Amino acid sequence: MDHKNHNEKVEEESHKCPECGLHYKEKTQAKKCETWCKEHHGCNLEITNQAIENK
Ligand SMILES: [Zn+2]
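Position 48, counted from 1, in the sequence shown is what the working numbering calls 28; the numbers after and before it change by one each time, with no gaps.
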């Protein structure tokens, strides 16, 4: 898998969680992740499973 090309595409059409750096198609999902990351300083698998990187 070519991560560089993948990430370039991801930047354009996704929302990034500034805390953990994962990308989400839904802005609300990115916000959820950001909120969780800030509070728990760790990832919620239920949320990060939705990340573009984990699809
Ligand atoms: Zn996050």
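Glycine included, C-beta positions come from ideal geometry on N, C-alpha and C. For clarity, every value in this text was computed on a predicted model and none was experimentally measured.
Setting aside the 5 residues that flank it on each side, Cys13 is surrounded in the same chain by Cys(-3), Ile27, each with a C-beta closer than 6 Å to its C-beta; the list follows chain order. When distances are taken from the beta-carbon of Leu2 to the heavy atoms of ligand 1, the shortest one is below 7 Å. If you check the C-beta of Glu19 against ligand 1, you find no heavy atom less than 7 Å away. Around the beta carbon of His20, fewer than 16 other beta carbons sit within 10 angstroms, so the residue counts as exposed.
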